[in-house]
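Residues 1 to 300 (the UniProt record's numbering) are what the sequence shown spells out, left to right.
Ideal Cβ placement from N, Cα and C applies to all residues, glycine included.
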Amino acid sequence: MDVIHAYLNLVPVTLSQSLIYSFLVLGIMIPFRLLSFPDLTSEGAFPLGGCVCATLLLAGYPPLFATVVAMLAGVGAGAATALVHLRFRINSLLAGILVFTALYSVNMRVLGRSNIALFNTDNIFMQINPAILTDVRLQVATFAVLIVVALVALRWYLATQAGAALRVIGINPELAPSLGISIWTYTIVGLGVASGLTALGGALIVQLQGYADVGMGTGILINGLASLVIGETITGRQTVTRQLLAPVVGAVVYYQLVSLALSLGLQPSDLKVVTAGFVLVTLGLPMLRGRSTMRETMRA
């Protein structure tokens, strides 16, 4: 009973946070699934958004302005990864590693120190409704509205000619030039949008928690990948709508599983092993089922 009680107490908080982290998982999904571009920039773009937002808030800029600029900084980080890959023909994974490694120094320079508190600083939630900072139900409602707006905007964009061109690059990059589609343009746009969403998540979490840290993105990529894999297992990837829903569903389920693990007595340091286990089971089960089906067919 104590475990159930502890878990139920964590559910609202983790639900609120998972909706914010859905922006991060969306930012991971776009390069991986829509562009077939394994990108690691999210590990640096997430704290970049938080650090830029925190610095502007401390300088007295309006919270909405600070959030938008943080998102644009993320767009620039994604575009930098695309340019490194395209201009220098560097492997996409290595390009992402180079950019997010460089972003650590950028974040330190922007923030001026390793971490900073924002408890007495105005933020976007205080402007909407100060009760959001203390009422978890209002947080869930607010973040749910924000993620729905983002999903609708992405669904609309992917239904346009530009969105279709972006998906063509992910499906068949060799065919794209013959259709008049610029690989450079849409790769930059796709990675820019992805990192912009990731930075937006970083800006929102900083304003909610009341502090920023240059190391807040450490290990966040594996959490996002785990959420994406779990979400795709639940929703599938047969349509664009399902592919867009997968990051949100996966983030919610993943962070509930994390809450359950903590309720069972696991230490926060154990969560990386738990995450690896989630991903391994989710990826391995379909393969094991496929082998089992093949054996049964051969026996028959």
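Per-residue DSSP class, three states only, for residue i
i, result
"N115", "strand"
"Y186", "helix"
"D270", "helix"
"Y104", "helix"
Nearest residue (CA-CA) to residue i, options the options
i, options, result
"I183", "L35, A153, L271 and V52", "L35"
"F37", "N91, R87, V68 and G265", "N91"
"Q256", "L280, T241 and G231", "G231"
"S114", "C51, V11 and L280", "C51"
"V189", "V258, A102, I30 and T14", "I30"
"Q139", "L280, V152 and T14", "T14"
"M126", "D270, P63 and Y211", "P63"
"L8", "L271, V258 and G163", "V258"
"G250", "I97, T275, Q267 and L133", "T275"
"V106", "V281, T239, V253 and P47", "P47"
"G44", "S195, T241, L262 and L118", "S195"
"G277", "S263, Y254, G265 and L264", "Y254"
"A150", "V11, L19 and G284", "L19"
"A117", "G210, T187 and L93", "G210"
"F143", "L103, L200 and A164", "L200"
"G192", "T55, L83 and L56", "L83"
"residue 375", "C53, A102, L245 and A165", "Limits of the chain in this structure are 1 at one end and 300 at the other, which puts residue 375 out of reach."
"residue 307", "S269, T233 and S263", "A question about residue 307 goes unanswered here, because the residues of the chain that appear run from 1 up to 300."
"A77", "L197, A141 and G163", "L197"
"L86", "T187, Q243 and L158", "T187"
"T134", "V273, L271, L260 and P12", "P12"
"I4", "G284, S263 and T282", "S263"
"R167", "G284, L260 and R33", "R33"
"I147", "V252, L260 and V240", "V252"
Outcome for residue i when other beta-carbon atoms lying within 10 angstroms are tallied against a minimum of 16
i, result
"P247", "buried"
"D39", "buried"
"N172", "exposed"
"G96", "buried"
"N123", "buried"
"G60", "exposed"
"Q17", "buried"
"F100", "buried"
"G170", "buried"
"G112", "exposed"
"V110", "buried"
"G49", "buried"
"Q267", "exposed"
"A79", "buried"
"V152", "exposed"
"I128", "exposed"
"T55", "buried"
"Q243", "buried"
"A73", "buried"
> Which runs of the alpha helix (DSSP H), 4 residues or longer, sit entirely within the region 112 to 168?
Replying inline: Within the region 112 to 168, the complete alpha helix (DSSP H) runs of at least 4 residues are 124 to 128 and 136 to 159.
> Any contact of the region 199 to 215 with the region 16 to 30, i.e. 3+ C-beta pairs under 8 Å?
Replying inline: A contact between stretches requires three or more CB pairs, one per stretch, nearer than 8 Å, and the region 199 to 215 meets this requirement with the region 16 to 30.
> Can you list the alpha helix (DSSP H) stretches of 4 or more residues lying completely in the region 35 to 102, in chain order?
Replying inline: DSSP runs (the alpha helix (DSSP H)) wholly in the region 35 to 102: 42 to 58 and 63 to 88.
> Would the region 171 to 179 and the region 211 to 225 be scored as touching if the rule is three or more Cβ pairs under 8 Å?
Replying inline: No: the two stretches stay apart, fewer than three of their Cβ pairs being nearer than 8 Å.
> Can you find at least 3 beta carbon pairs, one from the region 62 to 69 and one from the region 223 to 239, that sit closer than 8 Å?
Replying inline: Short answer: they don't touch.
> What are the complete beta strand (DSSP E) segments, minimum 3 residues, inside the region 216 to 246?
Replying inline: Taking only runs of at least 3 residues, no beta strand (DSSP E) segment lies wholly in the region 216 to 246.
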